[in-house]
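Only one structure is covered here, and it is reproduced in the block below.
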Ligand SMILES: Nc1ncnc2c1ncn2[C@@H]1O[C@H](COP(=O)(O)OP(=O)(O)OP(=O)(O)O)[C@@H](O)[C@H]1O
Ligand SMILES: [Mg+2]
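Residue numbers (the numbering used here), protein chains in the order written: chain A, 35 to 143; chain B, 433 to 572.
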């Protein structure tokens, strides 16, 4: 599955999606950035409620396939800009982090 | 062929912008065509080190040396130094303040990540003088 397909099946809001073809593999949930940095795998979907610019930098270094902001959180303006510059996919959902992770887990089976 | 040297200045105080140097380095390593896993590890090392310089030391300098078989990342700052390096290396130990924590930093996982993602890591530090962190990542 790629990011575009994920966005479609989970009905995600597409805030910034410069790389829709990026393949998705598994997921990681976390808001503490160095946990994400240390544990997220290349290609993971990263579920978080953090919406500041540093999210784009972490997504770039950890090479996640996309960021999904849960709980209805929206990216702040600086995050949008940085994500655009650095080709980071930022999506969103109104689902709680728990529910979003549960759906993702089903999809990844 | 000589080693390639990349130099970056990291501004202190700007936690929102932090990560610029790491992003630039990553782009350069990609252009050089290094193995993806090596680039990923080097990027994580550099980013955690860069953020530490911003949060804990008011910025500093980074020199990245790309040799035939090793990438060396050396981060130098003139911040407060680290009084107890063993303690600082423990997962979960952090002295980060509220501003950093509100942005998602301060889990006390940065130095352990750097250790794990590098093949060798050395911390030279003196309280009141500054800190130099040197990491090596083998290319093959
Ligand atoms: N360059 C530095 N100068 C002074 N102190 C430092 C420096 N780097 C790390 N430290 C000290 O070591 C501690 C642990 O660093 P580490 O990177 O593991 O965690 P953190 O930066 O506090 O949080 P995180 O990296 O998880 O966001 C820091 O809280 C700080 O006290
Ligand atoms: Mg840190």
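Every residue gets a Cβ at the ideal spot worked out from N, C-alpha and C, and that includes glycine. Quick caveat: nothing in here was measured; it's all calculated off a predicted structure.
Worksheet item: Counting Cβ pairs, one atom from each stretch, are 3 or more of them under 8 Å apart for the region 516 to 529 of chain B and the region 465 to 481 of chain B?
Response: Result no; under three Cβ-Cβ pairs closer than 8 Å.
Discussion item. Could you compute how far the alpha carbon of residue 468/B sits from the alpha carbon of residue 67/A?
Written reply: Translated into positions along the second chain, residue 468/B becomes position 36. Translated into positions along the first chain, residue 67/A becomes position 33. Cα to Cα, the separation comes out at about 21 Å.
Fill in: Presumed contact (8 Å Cβ cut-off) between residue 462/B and residue 471/B, rounded CB distance
Position 30 of the second chain, counted from the start, is the residue given in the question as residue 462/B. Position 39 of the second chain, counted from the start, is the residue given in the question as residue 471/B. That belief holds up - the Cβ atoms of residue 462/B and residue 471/B are roughly 6 Å apart, short of 8 Å.
Fill in: Neighbour flag for residue 451/B against chain A, beta carbons, 8 Å
Position 19 of the second chain, counted from the first residue, corresponds to residue 451/B. At a cut-off of 8 Å, the C-beta of residue 451/B has a neighbouring C-beta in chain A.
Worksheet entry | Which listed residue (536/B, 491/B, 546/B, 508/B) has its alpha carbon closest to that of residue 520/B | As a first step, residue 520/B must be located in the second chain, where it is residue number 88. The option with the nearest alpha carbon to residue 520/B is 546/B.
Practice prompt. For residue 71/A, decide whether its Cβ has a neighbour in chain B, counting only Cβ atoms nearer than 8 Å.
Written response: Residue numbering aside, residue 71/A sits at position 37 when the first chain is read from its first letter. It does: the Cβ of residue 71/A has a partner Cβ on chain B nearer than 8 Å.
Discussion item. I want to verify the contact list: residues of chain A whose CB lies under 9 Å from the CB of residue 458/B, in sequence order.
Written reply: In the second chain, counting from the first residue as 1, residue 458/B sits at position 26. Going along chain A in sequence order, the residues near residue 458/B (Cβ under 9 Å) are 94, 95.
Worksheet entry | Contact set between the region 47 to 72 of chain A and chain E, restricted to residues whose Cβ is under 8 Å from the partner | Looking for chain E here will not work: the only protein chains present are A and B.
Fill in: Terminal residues of the alpha helix (DSSP H) in which residue 444/B lies
Here the question's residue 444/B lines up with position 12 in the second chain. Unbroken run through residue 444/B: none, as it is neither H nor E.
Item to complete: Can you grab the Cα-Cα spacing for the pair residue 503/B / residue 455/B, in whole Å?
Response: As a working mapping, residue 503/B is identified with position 71 in the second chain. As a working mapping, residue 455/B is identified with position 23 in the second chain. Answer to the nearest angstrom: the Cα atoms are 16 Å apart.
Worksheet item: Which of helix, strand or coil does DSSP assign to residue 460/B?
Response: Along the second chain, one-based indexing puts residue 460/B at 28. Helix, per DSSP.
Item to complete: Would you list the one or two residues that DSSP bridges to residue 80/A?
Response: Along the first chain, one-based indexing puts residue 80/A at 46. Residue 80/A is bridged by DSSP to 62/A, 101/A.
Worksheet item: For ligand 2, which residues count as neighbours when the test is a C-beta closer than 5 Å to any heavy atom?
Response: Listed by chain position, these are 484/B, 542/B.
Worksheet entry | Span of the alpha helix (DSSP H), counted from its first residue to its last, around residue 469/B | Reading the second chain from its first residue, position 37 is the one you call residue 469/B. Residue 469/B -> alpha helix (DSSP H) spans 468 to 489.
Worksheet entry | Chain-ordered neighbours of residue 550/B on chain A, where CB pairs are closer than 8 Å | Residue 550/B sits at position 118 when you count from the first residue of the second chain. Within 8 Å Cβ-Cβ: nothing; residue 550/B doesn't reach chain A, min ~13 Å.
Discussion item. Please report the straight-line C-alpha distance between residue 136/A and residue 126/A, rounded to a whole angstrom.
Written reply: Counting from one through the first chain, the residue named residue 136/A turns up at place 102. Counting from one through the first chain, the residue named residue 126/A turns up at place 92. Residue 136/A and residue 126/A have their alpha carbons spaced roughly 15 Å apart.
Practice prompt. Measure from the C-beta of residue 553/B to each C-beta in chain A and report whether the shortest distance is under 8 Å.
Written response: As a first step, residue 553/B is located in the second chain; it is residue number 121 there, counting from the start. Interface with chain A (8 Å Cβ-Cβ cutoff): residue 553/B is excluded.
Worksheet item: For ligand 1, is there a heavy atom less than 7 Å away from the beta-carbon of residue 104/A?
Response: In the first chain, residue 104/A corresponds to position 70, counting from 1. Checking the Cβ of residue 104/A against ligand 1 gives no.
Discussion item. For a test of the three-state rule: what should DSSP assign to residue 567/B, helix, strand or coil?
Written reply: As a working mapping, residue 567/B is identified with position 135 in the second chain. Strand, per DSSP.
Practice prompt. Give, in chain order, every residue of the region 475 to 487 of chain B whose Cβ lies closer than 7 Å to some Cβ of chain A.
Written response: Listed by position along the chain: 475, 476, 479, 480.
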